[in-house]
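Chemist: Here it is, the structure in full.
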Amino acid sequence: MRQKYRKSPLAPKKANKVSSIQGIELYTYCANLYDKSRNDVAIFIFKEKGSIAEVFTQSSMRSCTLDWNEKALKKKEVQAIIINSGNANTFTGKKGHQSLIKISELVSNMFNLSKSKIFFASTGVIGEEFPEQKIINAIRKNKIKNNNWMDAAKAIMTTDTFPKAISSKTKVDNKVVTITGITKGSGMIEPNMATMLGFIFIDLEIPQKILQALLKQLNAKSFNRISVDGDESTNDTVILASSNKIKLKNKINSINDKRINILKTSLYKVFSSLSEQIVRDGEGATKLIKIKVKKAKNILQAEKIARSIANSNLFKTAIYGEDANWGRIIMAIGKTYEKINQSKLKIYFGDYLVAMNGKANTKINNSDIKKYLGQKEVKIQIDLAIGNSHADILTCDLSHKYIDINASYKS
Numbered sequence: 000m001r002q003k004y005r006k007s008p009l010a011p012k013k014a015n016k017v018s019s020i021q022g023i024e025l026y027t028y029c030a031n032l033y034d035k036s037r038n039d040v041a042i043f044i045f046k047e048k049g050s051i052a053e054v055f056t057q058s059s060m061r062s063c064t065l066d067w068n069e070k071a072l073k074k075k076e077v078q079a080i081i082i083n084s085g086n087a088n089t090f091t092g093k094k095g096h097q098s099l100i101k102i103s104e105l106v107s108n109m110f111n112l113s114k115s116k117i118f119f120a121s122t123g124v125i126g127e128e129f130p131e132q133k134i135i136n137a138i139r140k141n142k143i144k145n146n147n148w149m150d151a152a153k154a155i156m157t158t159d160t161f162p163k164a165i166s167s168k169t170k171v172d173n174k175v176v177t178i179t180g181i182t183k184g185s186g187m188i189e190p191n192m193a194t195m196l197g198f199i200f201i202d203l204e205i206p207q208k209i210l211q212a213l214l215k216q217l218n219a220k221s222f223n224r225i226s227v228d229g230d231e232s233t234n235d236t237v238i239l240a241s242s243n244k245i246k247l248k249n250k251i252n253s254i255n256d257k258r259i260n261i262l263k264t265s266l267y268k269v270f271s272s273l274s275e276q277i278v279r280d281g282e283g284a285t286k287l288i289k290i291k292v293k294k295a296k297n298i299l300q301a302e303k304i305a306r307s308i309a310n311s312n313l314f315k316t317a318i319y320g321e322d323a324n325w326g327r328i329i330m331a332i333g334k335t336y337e338k339i340n341q342s343k344l345k346i347y348f349g350d351y352l353v354a355m356n357g358k359a360n361t362k363i364n365n366s367d368i369k370k371y372l373g374q375k376e377v378k379i380q381i382d383l384a385i386g387n388s389h390a391d392i393l394t395c396d397l398s399h400k401y402i403d404i405n406a407s408y409k410s
């Protein structure tokens, strides 16, 4: 039995209310991949022809589940999504792929589905033999629907200390549309999509091509703008799927349809909330850090600098220690090799201007800054004074607890 983790001090005080999605049935199982007291497998069954979009990790050592999904995605239709925690099914050889075949055969027979329209996601330890028989036995024993979608969020947790889920509702052509998302992630978080998984479901009929375009846009501004430890997972994936249950008289057939903007607003609310929840549950995190780089020459420069700061262990440990050592920010900017005018650069901790005109601001009170850094949410702003572009990255501090968790993860 793997260790249990104390709830993050940055966890939401109240769990979000989560709505089920019309046209999708949820089943959760305890396959004893962790212990007998919790579910560790979730299956979403689409009752009608579902649409699906997916983005994957760019890791060259990715899980065989993603190879499977990439092939399945060509069908542009989904009938089931099977998720397990406890084992990443990565670096498991041919047997890992054969396990997917066996599980898909079982689920396709139980629910009368097409094997080629089943998608997988796995999270957990890399390199351990995939426990296919445990999962198969658990699925065989139970075919009872679960209407509590928060249970799915709990089933996919690993080192997470709280389940991550949110729902949003909007109106399109006077029809109520529901969006529900669940995610998991706490460590090995530096998504590049595309161990982080995100699943967002919507009940409105949307063509697959438009779903994929929406996912690409929304992912770039949410999951791809977070970092906990700078380690890109082998299993990172985000799925956006529609049950196509709610149909409009005038169908949405273009990404440029004005109604897409209504959907984008609600979808972004879900995407941004889920990605922030991951950072709030960063392994050992005690502070949420919001980094903004503004007035860059372009978005690429802004994001490059923001990410360099977010991934600096020296910077993150300084924030943990409530030490206003902004020199570590200067270091992180410098190692990007971007051309910066030092005399125009400004660095803010919250509203406190700590560096300007190529030197420290000696007029500020350091005790005030230390007090500010004692808060659970810290904002860092970098003004490059070069152009008009900006980028935001969410990260967290780096504490002793991160080492404790990862020094004994498998045990």
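In numbering that gives the first Met the number 0, the protein residues as written are 0 to 410. Backbone N, C-alpha and C define an ideal beta-carbon position, used for all residues, glycine too.
Considering only residues of the same chain and omitting the five flanking positions on each side of V176, which have a CB-CB separation below 8 Å?
Modeler: For V176, where only same-chain residues beyond five positions count, the Cβ hits under 8 Å are K168, T169, K170, I201, D202, L203, I245, L262 and S265.
Chemist: Would you call I188 buried or exposed, if buried means 16 or more other Cβ atoms sit within 10 Å of its Cβ?
Modeler: For I188, the predicted model reports a pLDDT of 49, less than 50, meaning its position is unreliable; a value from the coordinates is still stated below. Buried.
Chemist: Starting from the Cα of I51, find the closest Cα among Y319, K142 and I80 and give me that residue.
Modeler: Of the listed residues, the one whose Cα sits closest to I51 is I80.
Chemist: Could you tell me the distance, in whole angstroms, from the CA atom of I23 to the CA atom of Y351?
Modeler: When rounded, the distance between both Cα atoms is 49 Å.
Chemist: Three or more C-beta pairs closer than 8 Å, one from the stretch 387 to 403 and one from the stretch 285 to 298: is that the case here?
Modeler: Yes: the two stretches touch, three or more of their Cβ pairs being nearer than 8 Å.
Chemist: Looking only at its own chain, which residues have a Cβ that is under 7 Å from the Cβ of M156, when we skip the five neighbours before and after it?
Modeler: S84, P162 and K183, listed in sequence order.
Chemist: Would you kindly report the start and end of the unbroken beta strand (DSSP E) that includes V77?
Modeler: Run containing V77: V77 to N83, per the beta strand (DSSP E) assignment.
Chemist: Expressed to the nearest angstrom, what Euclidean distance is found between the alpha-carbon atoms of S62 and I82?
Modeler: Going from the Cα of S62 to the Cα of I82 covers about 13 Å.
Chemist: Give the DSSP-derived three-state secondary structure of Q57 in the structure shown.
Modeler: Q57: coil per DSSP, three-state reduction.
Chemist: Relative to the alpha-carbon of I135, which residue among F118, E104, V278 and G126 has its alpha-carbon at the smallest distance?
Modeler: I135 has its Cα closest to that of E104, out of F118, E104, V278 and G126.
Chemist: Measuring CB atoms only, is the stretch 240 to 254 touching the stretch 356 to 367, in the sense that at least three cross pairs come out at less than 8 Å?
Modeler: Too few Cβ pairs lie closer than 8 Å, so no.
Chemist: Looking at the structure shown, is K378 part of a helix, part of a strand, or coil, going by DSSP?
Modeler: K378 falls in the strand class under three-state DSSP.
Chemist: Could you check if A137 belongs to the surroundings of the ligand ADP, using beta carbon to heavy atom distance under 8 Å?
Modeler: Among the components modelled here there is no ligand, and therefore nothing to report on the ligand ADP.
Chemist: Straight-line CA distance for N223 to L273?
Modeler: The straight-line gap from Cα to Cα measures roughly 12 Å.
Chemist: Anyone know if the C-beta pair for I379 and I346 falls short of 9 Å?
Modeler: Yes, the pair counts as a contact, with Cβ atoms nearer than the cut-off.
Chemist: V54 and V237 - do their beta-carbons sit closer together than 9 Å?
Modeler: It is a contact, given that the beta carbons lie within the stated cut-off.
Chemist: By DSSP, does K153 sit in helix, in strand, or in coil?
Modeler: If DSSP states are grouped into helix, strand and coil, K153 belongs with the helices.
Chemist: Going by alpha carbons, who is nearest to D66 out of A137, S121 and S19?
Modeler: Nearest C-alpha to D66: S121.
Chemist: Out of curiosity, what's the CA-to-CA distance linking M192 and A212?
Modeler: Any reading at M192 is ruled out, since the residue's pLDDT is 37, under 50, leaving its predicted position unreliable.
Chemist: Return the CA-CA distance between A305 and Q374, expressed in angstroms with no decimal places.
Modeler: Their Cα atoms are separated by approximately 21 Å.
Chemist: In the structure shown, what three-state DSSP assignment does L25 receive?
Modeler: DSSP places L25 in strand when its eight states are reduced to three.
Chemist: Exposed or buried, what is K414 when buried is set at 16 or more other beta-carbons lying within 10 Å of its beta-carbon?
Modeler: Coverage of the chain is limited to positions 0 through 410, which leaves residue 414 absent and any answer about it impossible.
Chemist: Indicate the three-state DSSP secondary structure (helix, strand or coil) for S340 in the structure shown.
Modeler: Rather than Ser, the amino acid found at residue 340 in this sequence is Asn. Note: N340 maps to coil in three-state DSSP.
Chemist: Checking the sheet assignment: what are the DSSP bridge partners for K358?
Modeler: M355, per the DSSP bridge assignment.
Chemist: Can you say whether S59 is buried or exposed, counting buried as having 16 or more other CB atoms within 10 angstroms of its CB?
Modeler: So S59 ends up on the exposed side.
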